[in-house]
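Counted the way this note's numbering counts, the sequence shown spans residues 59 to 318.
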Amino acid sequence: MKFTIAASVILFLTKHTNAQDTCDISGSFSVSSDSCSFDGLVASIEAKLSSLNCPIPNVPKLITSKLGATTLQDVKAEIASACSVAHLPFNSITGQGHVFDKEYFDGGTYYNDQRESTDDYGITINRLATDPGDRIQDIFQNQAQSNGFIWPSDLTNFEGCTLNAAMCCWVQDRQAGDNNGNCATPYDENCVDADPADNTDICYVDMSRAPASSRTSDGFSLFEGEEEGDSHCHGFAWDEDPSDESALFKGNNLFYVSFY
């Protein structure tokens, strides 16, 4: 996914004292990078120095020195912070607050289990294509492809994430006609307990690792063969470099995988 970065990373460098006579630097100069990342900044500095006929120094070391950082990882974190300053809060997606978002990722909101139906008078209720469908579609079209979302580390589901990976799974299909399961219309007849497209074999679940989501503090489940039923999962991973696009926009990937 491509993004338009609103702010460029600017780095000011003093004149290189060992520069060749042809190195055309007067005082300090600035560079900007189209890619808001450490690698993008390094490439831009090297290109700038090359265009001025200047010798190419150890640019990562030079950036570390100019930013007063101790380690390269500190530099990358500082660049990532600058690049994400305009990111939108993740809780703006639902707009329903921390408790709702926590419960959503624990599988307990109407986003998770409600399906379209009709009441006793034949009037359609719980039309998911409208709520939350319209809101999610609007965010996807008008925000998620041009703005970043802050990773929801305030939710215990996403604290730490030392493996730099996340996955969301579904065990029910509630949307007809999306080619992703056997839910069909009319909903009250053909989507009561529909199965999603089966793309995952779930063999083992340790309840103690997610007590809020599993609603139990301990225990485990084992599934042999196809005992777990149809399950549909999608996941993603991100780089150790916090300024890498996969890390900067992991909040966007979480939105896409879990909501869209």
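Don't be surprised by glycine CBs; every beta carbon is placed ideally from N, CA and C.
On a Cα-Cα basis, can you pick out the residue from the options that is closest to residue i?
| i | options | result |
| --- | --- | --- |
| Ser175 | Pro300, Thr122, Asp246 and Asp276 | Asp246 |
| Thr167 | Gly155, Asp177 and Asp178 | Gly155 |
| Phe294 | Asn237, Ala144, Asp259 and Cys226 | Cys226 |
| Asp297 | Pro254, Gly153, Ala223 and Gln172 | Ala223 |
| Ser139 | Phe317, Asn311, Ser301 and Phe313 | Ser301 |
| Gln309 | Ala202, Val117, Ser266 and Leu107 | Here the sequence assigns Gly to residue 309, which means Gln is not the residue at that position. Among Ala202, Val117, Ser266 and Leu107, the Cα nearest to that of Gly309 belongs to Ala202. |
| Gly206 | Leu130, Ser316, Asn311 and Asn240 | Asn311 |
| Arg257 | Pro269, Glu282 and Ser289 | According to the sequence shown, residue 257 is Asn rather than Arg. With distances taken between Cα atoms, Asn257 lies closest to Ser289. |
| Phe307 | Trp209, Gln199, Phe317 and Gly287 | Trp209 |
| Gln230 | Pro254, Leu213 and Asn238 | Pro254 |
| Val157 | Ala270, Asp299 and Glu284 | Ala270 |
| Asp329 | Asp164, Asn170 and Leu213 | Outside the displayed range of the chain (59 to 318) lies residue 329, so it cannot be described from this structure. |
| Asp159 | Phe198, Asp259, Arg185 and Thr214 | Thr214 |
| Gly283 | Phe148, Asp299, Ser266 and Asp259 | Asp259 |
| Ala144 | Ser204, Ala305, Tyr179 and Arg273 | Ser204 |
| Ser211 | Asn149, Gly191 and Asn238 | Asn149 |
| Thr152 | Glu217, Arg232, Gly191 and Asp276 | Gly191 |
| Val315 | Ala305, Cys291, Glu303 and Asp264 | Cys291 |
| Ala305 | Glu104, Leu221 and Arg267 | Leu221 |
| Gly165 | Ala268, Val133 and Asn238 | Ala268 |
| Asp276 | Asp264, Pro147, Ala105 and Leu146 | Asp264 |
So, with DSSP's three-state summary, where would you put residue i?
| i | result |
| --- | --- |
| Cys94 | coil |
| Asp79 | With a pLDDT of 48 at Asp79, under the threshold of 50, the predicted position of this residue should be treated as unreliable, and no value is reported. |
| Cys219 | coil |
| Thr176 | strand |
| Phe198 | helix |
| Cys227 | strand |
| Thr128 | coil |
| Ser88 | strand |
| Ser316 | helix |
| Ala295 | strand |
| Thr214 | helix |
| Thr258 | coil |
| Asn310 | helix |
| Gly191 | helix |
| Leu110 | coil |
| Gln233 | coil |
| Leu186 | coil |
Give the C-beta separation of residue i and residue j to the nearest angstrom, bearing in mind that I take them to be a contact with Cβ-Cβ under 8 Å.
| i | j | result |
| --- | --- | --- |
| Ala234 | Cys249 | 6 Å |
| Cys94 | Cys141 | 4 Å |
| Leu241 | Ala252 | Inspection of the sequence shows that residue 241 is occupied by Cys rather than by Leu. So it is a contact: roughly 4 Å between Cβ atoms. |
| Ile181 | Phe317 | No, Ile181 and Phe317 are not in contact; Cβ-Cβ is about 27 Å, not under 8 Å. |
| Asp102 | Ser91 | With the sequence shown as reference, residue 102 is identified as Ser, and Asp is not the correct amino acid for it. The Cβ separation is near 4 Å, so the contact holds. |
| Leu120 | Glu136 | Contact flag wrong, Cβ pair sits at about 15 Å. |
| Asn184 | Gln199 | Actually they do not touch by this definition, with Cβ atoms about 23 Å apart. |
| Val100 | Pro118 | 6 Å |
Ends of the alpha helix (DSSP H) at residue i?
| i | result |
| --- | --- |
| Phe158 | His156 to Phe163 |
| Val263 | It is not in any alpha helix (DSSP H) - Val263 instead sits in the beta strand (DSSP E) that spans Tyr262 to Asp264. |
| Ser275 | Premise fails: Ser275 is in no alpha helix (DSSP H) and is neither H nor E. |
| Glu247 | Tyr245 to Asn248 |
| Asp171 | Tyr168 to Asp171 |
Under a CB-based cut-off of 9 Å, is residue i close to chain C?
| i | result |
| --- | --- |
| Asp97 | This model lacks chain C altogether, as it is built from one protein chain only. |
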